[in-house]
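Notes follow once the structure below has been shown.
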Amino acid sequence: MSFDADLIIVGGGLSGLSAGITAVREGLNVILLERGEYSGAKNVSGGRMYIHSLLKLIPDALERAPLERPITKETYYIFCENNRKITFSFEERGKRNSYSVLRAKFDRWLASEAENLGLLISYSTNVYNAYREGGGITLETDKGSLRAPLVIDASGVTSVVFRSLGLRRFTADKWMLGVKEIVKADLEEGQEGEAITVVNAIKGVKGGGFVYTNKDTLSIGFTATFDSLPKGEVQAKDLIEAFRERMGIKGEVLEYSAHAIPYYGYNNLPPLYTKNVIAVGDAGGFLINDGFTIRGMDLAIGSGIIAGIASKKIVESKTYEDTEIYYKMLEESFILKHLRLAYNRFSVINSSLSIYPEILCNVLSDMFTVSEERRTLITDALIRLREKGVSLGKVVDDLRKVML
Amino acid sequence: MIPLLKRLGLNTYDVDKTPHIEVDQEKCLHCKDKPCTISCPAGTYEPSPEGGIIVHYERCLECGGALVICPYGAIKFRFPNGGIKYKYG
Numbered sequence: 001m002s003f004d005a006d007l008i009i010v011g012g013g014l015s016g017l018s019a020g021i022t023a024v025r026e027g028l029n030v031i032l033l034e035r036g037e038y039s040g041a042k043n044v045s046g047g048r049m050y051i052h053s054l055l056k057l058i059p060d061a062l063e064r065a066p067l068e069r070p071i072t073k074e075t076y077y078i079f080c081e082n083n084r085k086i087t088f089s090f091e092e093r094g095k096r097n098s099y100s101v102l103r104a105k106f107d108r109w110l111a112s113e114a115e116n117l118g119l120l121i122s123y124s125t126n127v128y129n130a131y132r133e134g135g136g137i138t139l140e141t142d143k144g145s146l147r148a149p150l151v152i153d154a155s156g157v158t159s160v161v162f163r164s165l166g167l168r169r170f171t172a173d174k175w176m177l178g179v180k181e182i183v184k185a186d187l188e189e190g191q192e193g194e195a196i197t198v199v200n201a202i203k204g205v206k207g208g209g210f211v212y213t214n215k216d217t218l219s220i221g222f223t224a225t226f227d228s229l230p231k232g233e234v235q236a237k238d239l240i241e242a243f244r245e246r247m248g249i250k251g252e253v254l255e256y257s258a259h260a261i262p263y264y265g266y267n268n269l270p271p272l273y274t275k276n277v278i279a280v281g282d283a284g285g286f287l288i289n290d291g292f293t294i295r296g297m298d299l300a301i302g303s304g305i306i307a308g309i310a311s312k313k314i315v316e317s318k319t320y321e322d323t324e325i326y327y328k329m330l331e332e333s334f335i336l337k338h339l340r341l342a343y344n345r346f347s348v349i350n351s352s353l354s355i356y357p358e359i360l361c362n363v364l365s366d367m368f369t370v371s372e373e374r375r376t377l378i379t380d381a382l383i384r385l386r387e388k389g390v391s392l393g394k395v396v397d398d399l400r401k402v403m404l
Numbered sequence: 405m406i407p408l409l410k411r412l413g414l415n416t417y418d419v420d421k422t423p424h425i426e427v428d429q430e431k432c433l434h435c436k437d438k439p440c441t442i443s444c445p446a447g448t449y450e451p452s453p454e455g456g457i458i459v460h461y462e463r464c465l466e467c468g469g470a471l472v473i474c475p476y477g478a479i480k481f482r483f484p485n486g487g488i489k490y491k492y493g
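Protein sequence lines correspond, in order, to chains V and E.
Numbering-wise (my numbering), the first sequence opens with residue 1 and increments by one.
Numbering-wise (my numbering), the second sequence opens with residue 405 and increments by one.
This is the structure in structure tokens:
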């Protein structure tokens, strides 16, 4: 059977474009299929990129890429009941480790970089089915069928290739809904940006919010696991507006968007390779939330680069069914190492985040209140923990997980 | 609070002639809670007076959530050929 290319990449977001750029540099014959009219047309992300992977892909990206602002201030808002709130910030002026980004602009730029390097991108091409045939993979699209011995699934969280092959079982507790608004803001030019992480802003749902400063807009977003949405006090369609009001953010809303987020954690990652197919970015479930950093974009670019190099090795040796080499390279890279490192904190955040803020607020409220009664901090903390049914053993265990 | 339809109106769509979402009305008729009406960020699923679901597929923000929000597997979803065009993302 004849093939249309050595390698077909499904999806022209960060992971697909990074794989495409790398594979073209390695001399492979590649076609990339993007369902949007342009790259970024279908992409939504929180809007903050840690740039180490980008700089590996494009070393002079800082001078050319359409980044918004460097993020040098981290602020946390933790909401409690009865109009109480904890806030704290950490600043590191001059730091250049992460930037706010708007993906419709950024991905379009990265796609033009890829095209300049000779990557063939077919836009408005919607892959809706994939099956194994004649030693390769056939992809059914609205423009007809395409075939390749090797396929990279870079189609995002819904992973159309792996899903079509029966290798994905999605559940509402392992996916988050992200809703987002872009709000016009009057911000000073040249100033560094801030990332605000918000806990407990909306009751009932399991998730959190964020605000990032762009050049002349704010990215505000709220995320919640799909299974918790029916239990929330606000319906999904109004979540972002409830959050915006809670944060007191005013200004013209320019866009309303939504996207599902893979929220698996290292121990629940889906199959990342199978005969003739490998998964990158969100299709591989590469998302890290360790309480300090919430990241997917650097993992998308990083896994794309690795997939491009692995593809070269697979194509060269014509061992299209033996794709395990990709997984081995992932294991040796920061991708799976960081996912593994984050897993303890990831699981604490998911199991215990809903109980501690209220206890912390209660203790702080006691300490900041003067009456004739007064306790030591430790006595008060133990009382406040006990009244919420949290044992000291659990606290120590959670602390251990947070630290390790 | 800005109403949903006004917010969706900020976006640019190229709506397909045929729906990319189908629901199994038989299943919906037996579904009491109708979680899809709560969990979709675009308000795509609306309860019909007859007890089924009206699908406003033209509102879809293409988040992909349709693949997990129905516990009864009554939603058949694929991405549209046209659909939304985000300007910021």
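Every residue, glycine too, gets a C-beta built ideally from N, C-alpha and C.
Item: List the endpoints of the continuous alpha helix (DSSP H) containing residue 397 (chain V).; Value: 392-403
Item: With a cut-off of 7 Å, does the C-beta of residue 255 (chain V) fall near any C-beta of chain E?; Value: yes
Item: Mind checking which residues open and close the beta strand (DSSP E) that includes residue 418 (chain E)?; Value: 416-418
Item: For the region 164-178 of chain V, which residues have a CB atom closer than 7 Å to at least one CB atom of chain E, in sequence order?; Value: 170, 171, 172, 175 and 177
Item: Measure from the alpha carbon of residue 155 (chain V) to the alpha carbon of each residue in V:128, V:72 and V:132, then state which is nearest.; Value: V:128
Item: Starting from residue 129 (chain V), trace the beta strand (DSSP E) both ways and give me its first and last residue.; Value: 127-133
Item: Pick out the complete alpha helix (DSSP H) segments inside the region 159-216 of chain V, 4 residues or longer, and give them in chain order.; Value: 160-164
Item: By DSSP, does residue 79 (chain V) sit in helix, in strand, or in coil?; Value: strand
Item: Between residue 435 (chain E) and chain V, is the shortest Cβ-Cβ distance under 7 Å, so that the two count as touching?; Value: no
Item: Looking at the secondary structure, which residues open and close the alpha helix (DSSP H) in which residue 61 (chain V) lies?; Value: 61-64
Item: For residue 231 (chain V), which three-state DSSP category applies?; Value: helix
Item: Please list, in chain order, the chain V residues whose beta carbon lies closer than 7 Å to that of residue 466 (chain E).; Value: 42
Item: Please state whether DSSP places residue 54 (chain V) in a helix, a strand or coil.; Value: helix
Item: I want to see whether chain V comes within less than 7 Å of residue 447 (chain E), judged by CB atoms only; does it?; Value: yes
Item: Which stretch, first to last residue, makes up the alpha helix (DSSP H) that contains residue 315 (chain V)?; Value: 297-317
Item: Please look up how many angstroms separate the CB atoms of residue 304 (chain V) and residue 281 (chain V), rounded, as I've assumed it's under 8 Å.; Value: 7 Å
Item: Counting only Cβ pairs nearer than 8 Å, list the residues of chain V close to residue 444 (chain E).; Value: 236 and 237
Item: By the DSSP assignment, the beta strand (DSSP E) with residue 153 (chain V) in it spans what residues?; Value: 150-153
Item: Considering only residues of the region 70-123 of chain V, which uninterrupted alpha helix (DSSP H) runs meet the minimum length of 4 residues and lie entirely inside it, listed in chain order?; Value: 103-116
Item: Return the residues of the region 16-42 of chain V that lie within a Cβ-Cβ distance of less than 9 Å from chain E, sorted by chain order.; Value: 35, 36, 37, 38, 40, 41 and 42
Item: Measure the alpha-carbon distance for residue 361 (chain V) versus residue 172 (chain V) and round it to whole angstroms.; Value: 31 Å
Item: So, under 8 Å CB-CB, residue 220 (chain V) and residue 183 (chain V) are touching, yes? Tell me the CB distance rounded to an integer number of Å.; Value: 6 Å
Item: For residue 436 (chain V), count neighbouring C-beta atoms within 10 Å of its own C-beta (all shown protein chains included) and say buried if the count is 16 or more, exposed if not.; Value: Residue 436 (chain V) is absent from the model: chain V starts at 1 and stops at 404.
Item: Using the beta-carbon of each residue, which ones in chain E are nearer than 9 Å to residue 264 (chain V)?; Value: Residues of chain E passing the Cβ test: none, with the nearest at roughly 13 Å.
Item: Check for me: the beta strand (DSSP E) holding residue 449 (chain E) runs from which residue to which?; Value: 449-451
Item: Check whether chain V comes within 7 Å of residue 473 (chain E), counting only Cβ atoms and requiring the distance to be less than that.; Value: yes
Item: In the region 120-145 of chain V, which residues sit with their C-beta less than 8 Å from some C-beta in chain B, listed in chain order?; Value: This model lacks chain B altogether, as its protein chains are V and E.
Item: Expressed to the nearest angstrom, what Euclidean distance is found between the alpha-carbon atoms of residue 223 (chain V) and residue 365 (chain V)?; Value: 28 Å
Item: So, does the CB of residue 411 (chain E) fall closer than 7 Å to a CB anywhere in chain V?; Value: yes
Item: Scan the region 186-216 of chain V for residues whose Cβ lies nearer than 7 Å to a Cβ of chain E and list them as they occur along the chain.; Value: none
Item: Which residues, taken in chain order from the region 90-120 of chain V, show a beta carbon closer than 7 Å to some beta carbon of chain E?; Value: 102, 103 and 104
Item: Closest to residue 420 (chain V) by CA distance: which of V:193, V:211, V:167 and V:73 is it?; Value: The requested residue 420 (chain V) does not occur in the structure, where chain V is confined to residues 1 to 404.
Item: Any beta carbon of chain E sitting closer than 7 Å to that of residue 225 (chain V)?; Value: no
Item: What is the DSSP secondary structure of residue 389 (chain V), counted as helix, strand or coil?; Value: coil
Item: Leaving aside the five residues before and after residue 102 (chain V) along the sequence, list all residues of the same chain whose C-beta is less than 7 Å from its C-beta, in chain order.; Value: 47, 68 and 214
Item: Taking the beta carbon of residue 205 (chain V) as the centre, do at least 16 other beta carbons fall within 10 Å, making it buried, or is it exposed?; Value: buried
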